[in-house]
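Numbering (the numbering used here), first residue to last: 4 to 213.
All C-beta atoms in this analysis are idealised placements derived from N, C-alpha and C, irrespective of residue type, glycine included.
Given the structure is predicted, the values throughout are model-derived calculations rather than measurements.
One structure is given below, encoded as structure tokens.
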């Protein structure tokens with residue numbers, strides 16, 4: 004039987020935008036958490052070569068530092084014409100100041116540099132890793148497919164959201180409220196965002212009240 008989550012959970016991120024999204028999704032499943040920032044845990048260097056490796060190393064570091072179960076997310080934008088870039092380097096494209104307006108411009112320029120033409124097919128990936136203090140770790144994946152649009156659209160300017168248009172929809176993630184973006188149907192069908200889909204998989208395996 005899969006190990007279930009009990010008691011307090013550490014949300015292993017120092018990114019305030021990601022923390023807000025993860026807290027909202029956890030509350031959907033009746034789970035509350037304290038952030039790594041609030042616990043003054045160090046932010047580990049992301050040295051993995053895959054989303055899974057980076058999510059797991061962040062979760063394990065937080066679980067060991069707090070002696071509590073910890074949930075970490077590693078996610079990014081993968082653009083077909085750029086051979087999957089920025090991928091695991093999605094945050095690094097925003098530079099040391101995490102300026103995603105810069106990152107979005109870099110994506111647009113990279114597409115021009117390779118002579119790509121619309122539609123610019125892309126997908127978001129989210130890996131959630133849950134680690135326990137004894138080192139046991141489980142990971143869950145969510146993906147959402149769509150295309151990129153320029154200029155950016157929407158006032159929710161978190162990450163690459165203003166340039167990502169999910170397949171079959173007319174609004175970018177940047178034009179949606181957090182509630183819209185992370186909507187999870189009551190019938191158990193897939194949520195809208197990559198993070199919502201990863202959380203559904205995590206909750207089915209690890210949360211008792213789902």
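*DSSP on residue 198, reduced to helix/strand/coil?*
helix
*State the beta-bridge partners of residue 64 as determined by DSSP.*
DSSP output for residue 64 lists no bridge partner at all.
*Using beta-carbon positions only, say whether residue 142 and residue 55 come within less than 8 Å of one another.*
yes
*residue 165, DSSP secondary structure in three states*: helix
*asked:* If contacts are defined as beta-carbon pairs under 8 Å, then residue 165 and residue 107 qualify, I think. What distance do you get, rounded to the angstrom?
replied: 7 Å
*Assign residue 131 to one of two classes, buried (16 or more other C-beta atoms within 10 Å of its C-beta) or exposed (fewer than that).*
buried
*asked:* Count Cβ pairs between the stretch 198-208 and the stretch 41-53 that sit closer than 8 Å; are there 3 or more?
replied: no
*Does the stretch 187-194 come close enough to the stretch 97-111 that 3 or more CB-CB pairs lie under 8 Å?*
no
*Whose C-alpha, out of 72, 173, 153, 154, is nearest the C-alpha of residue 210?*
It is 72 whose Cα lies nearest to the Cα of residue 210.
*Use the C-beta contact count for residue 57: other C-beta atoms within 10 angstroms, 16 or more gives buried, fewer gives exposed.*
Flag for residue 57 reads buried.
*Give the range of the alpha helix (DSSP H) segment to which residue 117 is assigned.*
According to the DSSP assignment, residue 117 belongs to no alpha helix (DSSP H), since it is labelled neither H nor E.
*When you compare each of 70, 111, 76 to residue 89 by their alpha carbons, which one comes out closest?*
111
*Apart from the five residues on each side of it in sequence, which residues of its chain come closer than 8 Å, Cβ to Cβ, to residue 147?*
The residues are 126, 127, 169, 170, 195, 196, 197, 200.
*Could you tell me how far apart the beta carbons of residue 117 and residue 85 are, in whole angstroms, since I believe they sit closer than 8 Å?*
Cβ atoms of residue 117 and residue 85 come within 8 Å of each other, at about 7 Å.
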